[in-house]
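For reference, the structure is listed below as structure tokens.
2 protein chains.
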Amino acid sequence: MSVKAFQQVETKSAHDQVYHILKRAILAGFFRPGEQVTIRGLASQLGTSEMPVREAIKSLVAQKAIEATQDRKFRIPVLSSQQMKDILELRIMLEGLATEEAAERLTQEQLDHLHAIHEEMGEAISNQDSQGMIEANIRFHFFIYDQCSNQALPAIIESLWLQYSPTLTEYVPRLMKHLTHKDQQAARILDRERHTRLLDAFKARDPSRARAHMEADLSTFLRVVDKIGDSFADDFEQHRSVRDYAKFPLH
Amino acid sequence: MSVKAFQQVETKSAHDQVYHILKRAILAGFFRPGEQVTIRGLASQLGTSEMPVREAIKSLVAQKAIEATQDRKFRIPVLSSQQMKDILELRIMLEGLATEEAAERLTQEQLDHLHAIHEEMGEAISNQDSQGMIEANIRFHFFIYDQCSNQALPAIIESLWLQYSPTLTEYVPRLMKHLTHKDQQAARILDRERHTRLLDAFKARDPSRARAHMEADLSTFLRVVDKIGDSFADDFEQHRSVRDYAKFPLH
DNA sequence: AATTATGGTCTGTGATCACAGATCATAGTA
DNA sequence: TACTATGATCTGTGATCACAGACCATAATT
Numbered sequence: 001m002s003v004k005a006f007q008q009v010e011t012k013s014a015h016d017q018v019y020h021i022l023k024r025a026i027l028a029g030f031f032r033p034g035e036q037v038t039i040r041g042l043a044s045q046l047g048t049s050e051m052p053v054r055e056a057i058k059s060l061v062a063q064k065a066i067e068a069t070q071d072r073k074f075r076i077p078v079l080s081s082q083q084m085k086d087i088l089e090l091r092i093m094l095e096g097l098a099t100e101e102a103a104e105r106l107t108q109e110q111l112d113h114l115h116a117i118h119e120e121m122g123e124a125i126s127n128q129d130s131q132g133m134i135e136a137n138i139r140f141h142f143f144i145y146d147q148c149s150n151q152a153l154p155a156i157i158e159s160l161w162l163q164y165s166p167t168l169t170e171y172v173p174r175l176m177k178h179l180t181h182k183d184q185q186a187a188r189i190l191d192r193e194r195h196t197r198l199l200d201a202f203k204a205r206d207p208s209r210a211r212a213h214m215e216a217d218l219s220t221f222l223r224v225v226d227k228i229g230d231s232f233a234d235d236f237e238q239h240r241s242v243r244d245y246a247k248f249p250l251h
Numbered sequence: 252m253s254v255k256a257f258q259q260v261e262t263k264s265a266h267d268q269v270y271h272i273l274k275r276a277i278l279a280g281f282f283r284p285g286e287q288v289t290i291r292g293l294a295s296q297l298g299t300s301e302m303p304v305r306e307a308i309k310s311l312v313a314q315k316a317i318e319a320t321q322d323r324k325f326r327i328p329v330l331s332s333q334q335m336k337d338i339l340e341l342r343i344m345l346e347g348l349a350t351e352e353a354a355e356r357l358t359q360e361q362l363d364h365l366h367a368i369h370e371e372m373g374e375a376i377s378n379q380d381s382q383g384m385i386e387a388n389i390r391f392h393f394f395i396y397d398q399c400s401n402q403a404l405p406a407i408i409e410s411l412w413l414q415y416s417p418t419l420t421e422y423v424p425r426l427m428k429h430l431t432h433k434d435q436q437a438a439r440i441l442d443r444e445r446h447t448r449l450l451d452a453f454k455a456r457d458p459s460r461a462r463a464h465m466e467a468d469l470s471t472f473l474r475v476v477d478k479i480g481d482s483f484a485d486d487f488e489q490h491r492s493v494r495d496y497a498k499f500p501l502h
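This is the structure:
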């Protein structure tokens, strides 16, 4: 289910297509926290009518990926640093478990596929293709999670990512400013470094080491968020901009 | 959010009301696994039009509380014993954590409220009021989870309950048959016994003991499901019956 | 000039309708 | 009698419309 967010979904229903497009767009950082989303706006930009968009938005509201405000509008949630930390705490548990379970089951073929995604991500970094980098990162993680033995787990992890991604995307460049220049340089290849360490653990057939790496990386980020706190969270504003959905075609 | 499923929701939107009614109905075992739910059927029985019901169903589909079948119908999911075990495994982690966190924060007032629910459940058992027993049980658990420090946790737990409750309700009487008569007698007051032990741990201000009790009880059930397996899961059929929504008034 | 009133616009909401696909009972046919 | 064909019915789906509330810019009034 979750990795399908970045695959072509072969459903005939317009509602499902809109739903998956919006999920992809949210995960890819296409929306900014606090940004308002409107039914008619999305409908016209996606070339469909209100109905499928309404249902998709309501579905995402149920998953807390979109927020229904008191004045009867929809917007992308703005997470406080406390909410970020809460979700990170759960991510450490759940993605740690999923990583360990996946490590116990990964076939050579699946490992090769992970390597392929890893290479794609390397190319995206080389080409300064941040969009491609983000998408490769998502596909890398969810390909792992989808291999875990607990079938209920990937969906929960995905729901956390959906809540968390827009604020995360907004946080990252701001977190960068709090790092030294040397650390910034390191951070640019950090994701890939993490993936390399994970792949090593997978190759070594060491599930607990794989889990430890995943947990450690998320814990590092948790500490950073905890340190920075809400010091810059107050300037999330209501965003409204013309959106280019060319990357998420409906047909 | 979650405990509100059993409170009066003061929203003006028909969609939200239908959504909460359906959640309550699902958690309370009102639907049987495999049972078909239809938009027009619910709309007429709830005295509203198709639109709010459509949106509510789509929301619940996104949470996997309702399943969209391949032949374009909606039905209550039928979970295999493996799916039950997967969810139970996550429940042990998540409800264990939530219980521990709640135990660290419970005020005396909240403890008193838990006692009150505990008493209600005792009366329901005495009166053979199974509906009241189930609802008291739900309120007892979610009142605890709602007190945990991690604000993202209760919603995840609720989503697991929504997936899990219909099949669980169907399982229980069948599991009973696999117990000895003496064990059956014990099982009738099992829920209350569990709650008593939990309340003791809460009163003793012992979070880790509270967590251990919660985990142990769920683990016991996990072992039972594992032992019984899918031996009787094949006779879940498509149910269709006239539903009495009198207990879930829309207005 | 400052305040109030007004009207247009944008929002979600609920209702209704036409339609296509699936299903099933019934009637027609071999 | 057994099989087939047909038509009624039920399903979700998508589109469209009217409506009320919020918002805002503009005009009228004090």
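Chains as they are written, first to last, in my numbering: chain A, 1 to 251; chain B, 252 to 502. No residue lacks a Cβ here, since even glycine has one placed at the ideal position from N, Cα and C.
Asked: With a CB to CB cut of under 6 angstroms and the five nearest residues on each side skipped, what residues in its chain are close to residue 79(A)?; Found: 167
Asked: Using a Cβ-Cβ cut-off of 7 angstroms (strictly less than) and excluding sequence neighbours within five positions of residue 490(B), which residues of its own chain qualify?; Found: Confidence is the limiting factor: at residue 490(B) the pLDDT is only 47, short of 50, which leaves the residue's position unreliable, though a coordinate-based value still follows. Here the set comprises 283, 285, 286.
Asked: Run through the DSSP bridge pairs and tell me what residue 319(B) is partnered with.; Found: 325(B)
Asked: Taking Cβ to Cβ, would you say residue 202(A) is nearer than 8 angstroms to residue 106(A)?; Found: yes
Asked: Please return the same chain residues whose Cβ sits closer than 7 angstroms to the Cβ of residue 504(B), not counting the five positions on each side in sequence.; Found: Residue 504(B) lies beyond the stretch modelled for chain B, which goes from 252 to 502, so this question has no answer here.
Asked: Quick check on this structure: which residue in 334(B), 263(B), 402(B) has the alpha carbon closest to the alpha carbon of residue 412(B)?; Found: 334(B)
Asked: I need the DSSP call for residue 241(A), collapsed to helix, strand or coil.; Found: With a pLDDT of 48 at residue 241(A), under the threshold of 50, the modelled position of that residue is not reliable, and no figure is offered here.
Asked: Contact criterion: CB-CB distance below 8 angstroms. Does residue 145(A) meet it with respect to chain B?; Found: no
Asked: With distance defined between alpha-carbon atoms, name the residue in 298(B), 472(B), 279(B), 280(B) nearest to residue 269(B).; Found: 298(B)
Asked: Can you find the residues in the same chain that come closer than 7 angstroms, C-beta to C-beta, to residue 278(B), ignoring five residues on each side of it along the sequence?; Found: 256, 389, 412, 413, 416
Asked: Is the CB of residue 309(B) under 8 angstroms away from at least one CB in chain A?; Found: yes
Asked: Please state whether DSSP places residue 82(A) in a helix, a strand or coil.; Found: helix
Asked: Report yes if the C-beta distance between residue 445(B) and residue 468(B) is below 8 angstroms; otherwise report no.; Found: yes
Asked: Starting from residue 126(A), follow the alpha helix (DSSP H) in both directions and report where the run begins and ends.; Found: 108-126
Asked: Is residue 287(B) helix, strand or coil when you go by DSSP?; Found: strand
Asked: Over what stretch of residues does the alpha helix (DSSP H) that includes residue 28(A) continue unbroken?; Found: From DSSP, residue 28(A) is part of no alpha helix (DSSP H); its letter is neither H nor E.
Asked: Looking at the structure shown, is residue 403(B) part of a helix, part of a strand, or coil, going by DSSP?; Found: coil
Asked: Comparing the C-beta of residue 456(B) with each C-beta of chain A, is any distance below 8 angstroms?; Found: no
Asked: Whose Cβ in chain B lies nearer than 8 angstroms to the Cβ of residue 55(A)?; Found: 305, 306, 309
Asked: DSSP on residue 398(B), reduced to helix/strand/coil?; Found: coil
Asked: Answer yes or no: do residue 341(B) and residue 152(A) have a C-beta to C-beta separation smaller than 8 angstroms?; Found: yes
Asked: When burial is assigned at 16 or more other CB atoms within 10 Å of the CB, is residue 111(A) buried or exposed?; Found: exposed
Asked: Spatial neighbours of residue 336(B) within its chain, please: CB distance less than 7 angstroms, with the 5 preceding and 5 following residues excluded, ordered by chain position.; Found: 473, 476, 477
Asked: Using a Cβ cut-off of 8 angstroms (strictly closer), state whether residue 315(B) contacts chain A.; Found: yes
Asked: Where residue 350(B) and residue 93(A) are concerned, what is the direct C-alpha to C-alpha distance, given to the nearest angstrom?; Found: 16 angstroms
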